[in-house]
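Colleague: Structure below; questions to follow.
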Amino acid sequence: MRVAFASDDENETTRAVVAALVEDGHEVIRPDTAESWPDLGRFVGQAVVDGRADYGVVMCWTGTGTAIAANKVVGVRAALAWDPWIARGARLWNDANVLAMSLKRLAPDVAVEVLRAFLDVAEPDPDEAANIAALE
Numbered sequence: 001m002r003v004a005f006a007s008d009d010e011n012e013t014t015r016a017v018v019a020a021l022v023e024d025g026h027e028v029i030r031p032d033t034a035e036s037w038p039d040l041g042r043f044v045g046q047a048v049v050d051g052r053a054d055y056g057v058v059m060c061w062t063g064t065g066t067a068i069a070a071n072k073v074v075g076v077r078a079a080l081a082w083d084p085w086i087a088r089g090a091r092l093w094n095d096a097n098v099l100a101m102s103l104k105r106l107a108p109d110v111a112v113e114v115l116r117a118f119l120d121v122a123e124p125d126p127d128e129a130a131n132i133a134a135l136e
């Protein structure tokens, strides 16, 4: 699986997320240069919509700014998640294709759990198809 990843800062949490992506066999797509968090959110969102990535992960101090920026790209459904249940539900019930997380408020191990919960959902709940279609 190809996962676009961008973060406006680097710390233990962002390094743990990237390491988990690589360990789990995902191809990580990153921007060539460091940019502002709005640009990074758009980069990840565009990579998903263009098909260069299957999913995206954005991280900033709160996760909110990069989520908003990614959601400006038509076809992106970015969800801010802080625990595995929220991340799994975002995929399952909302067909989120971009995961947003805080790089300041999540411990590295929790961020990795959230990431894996998000990526482990193979398909959205078919009972939510009409609701998900209404988001387009």
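FYI, in this note's numbering the residues of the sequence shown are 1 to 136.
Here a beta-carbon is modelled for each residue, glycine too, at the ideal position from N, C-alpha and C.
Name the one or two DSSP bridge partners that M101 has.
Modeller: According to DSSP, which records beta bridges pairwise, M101 is partnered with M59.
Colleague: Shortest alpha-carbon distance to D95 belongs to which of G56, C60, V112?
Modeller: Out of G56, C60, V112, G56 has the C-alpha closest to the C-alpha of D95.
Colleague: Mapping DSSP to helix, strand and coil, what is L119?
Modeller: Note: L119 maps to helix in three-state DSSP.
Colleague: Just to confirm my understanding: we take V49, look at its own chain, exclude 5 residues before and 5 after, and list those with CB closer than 8 Å. What are they?
Modeller: If we look at V49 and ignore the five residues flanking it on each side, its Cβ neighbours are V73, V74, G75, V76.
Colleague: By the 10 Å Cβ neighbour count, where 16 or more other Cβ atoms means buried, how is W37 classified, buried or exposed?
Modeller: Per the 10 Å Cβ criterion, buried.
Colleague: Assign V48 to one of three DSSP states: helix, strand, or coil.
Modeller: Of the three classes helix, strand and coil, the one that applies to V48 here is helix, per DSSP.
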